[in-house]
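Residue numbers (this note's numbering): 21 to 282.
Glycine included, each C-beta is placed from N, C-alpha and C at the ideal position.
Here the structure is a predicted model, which means the values were calculated and not measured.
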Amino acid sequence: MLSSLKVAGPQGQLAVTQAGQGNGLPLLFLHADSGRADQWREVAEELAPERPVAAFDFRGSGNSEPARDGNYGYAARAGDALAVLDALGWERCVLVAHSGGAAVALELVAQQATRVAGLLLVEPPTDPRALPPKIREGFVRDLAGPHSLQVQQDYYRSIAGQNPVTRERVLEDCKATSPAARAGIGQALATWNPEPALRAWAGSALILVTPPNDNENALHRLRPDIPHRVVGGEGHWLQLDEPLLVAQAIRSFVTGFEPRAP
């Protein structure tokens, strides 16, 4: 069972869930844009008997406060993640990040690589630079507009796959993201260049993608030396559709570099 606490972030209170025991490397889960920590609940509960686990709602999402300065960029959210690590007393962790959370994870390792023992990205965004500028400008405009929630939900409905429980859960979670956060999320993605942080990371890494995201613009094409696996079906929320598969992938990944207990 996950317990809840509030952590003072750089720009507001952050809602954190945690559980786990043992001396294994802790896992910090990062959720998708317009998501919430609860999207990692099933995986976290599966792994909690083996090691400490935690997740938190990004600023302006779920039960976390909106950012006082209105900044929802990846670097700002990475600063929130570091505040959570400090509050939990974790010197190092394994980052497990889904979708837009992967960009936050990459920014965190660019800022503080020594705090990260490994990086596992689940369905990270494809390189937005491949999109025509007018397309990027359009979704920035739409996510900053009066119908931003509908725009976000319509897009997520199109990539959620065939599992109705997952689809409804994801669409409901969108409602808990503030309009300002949705606008900031769109701006962050539209201007994101993943290459510098991705190329700078020299530690252990694994990328999990579903078949629709295994394309020429996928992040693993930018770093072919990072192992990747194509798993699951059509749905973007792999950890909700197949939590045991994702938990086992995390378990196997961490075992590959975690120091063995004497």
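Considering only the alpha carbon of each residue, which of the options lies closest to residue i?
{"i": "L258", "options": "S272, V116 and A200", "result": "V116"}
{"i": "I227", "options": "A201, P244, F159 and N183", "result": "P244"}
{"i": "A208", "options": "Y94, L108, G138 and P145", "result": "Y94"}
{"i": "G223", "options": "Q173, E188, N237 and V274", "result": "V274"}
{"i": "K195", "options": "L22, L48, N83 and G42", "result": "N83"}
{"i": "L48", "options": "G138, L265, L169 and P231", "result": "G138"}
{"i": "I246", "options": "A180, L141 and S198", "result": "L141"}
{"i": "A35", "options": "E85, V63, L50 and A64", "result": "E85"}
{"i": "P279", "options": "E188, F78, P46 and P232", "result": "P46"}
May I ask you to report which of helix, strand or coil DSSP gives residue i?
{"i": "F76", "result": "strand"}
{"i": "I246", "result": "coil"}
{"i": "A39", "result": "strand"}
{"i": "A137", "result": "strand"}
{"i": "L22", "result": "coil"}
{"i": "L47", "result": "strand"}
Counting C-beta neighbours from all protein chains within 10 Å, is the total for residue i 16 or more, i.e. buried, or is it exposed?
{"i": "V185", "result": "exposed"}
{"i": "T134", "result": "exposed"}
{"i": "H51", "result": "buried"}
Please report the straight-line C-alpha distance between residue i and residue j, rounded to a whole angstrom.
{"i": "D261", "j": "G255", "result": "7 Å"}
{"i": "K154", "j": "A210", "result": "11 Å"}
{"i": "N213", "j": "Q173", "result": "25 Å"}
{"i": "A203", "j": "T146", "result": "19 Å"}
{"i": "S198", "j": "L169", "result": "9 Å"}
{"i": "E188", "j": "R149", "result": "30 Å"}
How about residue i: is its Cβ closer than 7 Å to a heavy atom in the ligand ZN?
{"i": "A117", "result": "As far as ligands go, the structure on display features none, and thus does not contain the ligand ZN."}
- Ordered list of beta strand (DSSP E) runs contained in the region 78-129, each at least 3 residues: Runs of the beta strand (DSSP E) spanning 3 or more residues and lying entirely within the region 78-129 occur at 113-118, in chain order.
- Can you give, in chain order, each stretch of the alpha helix (DSSP H) that sits fully within the region 189-243 and has at least 4 residues? Correct list: 199-210, 215-220 and 239-242.
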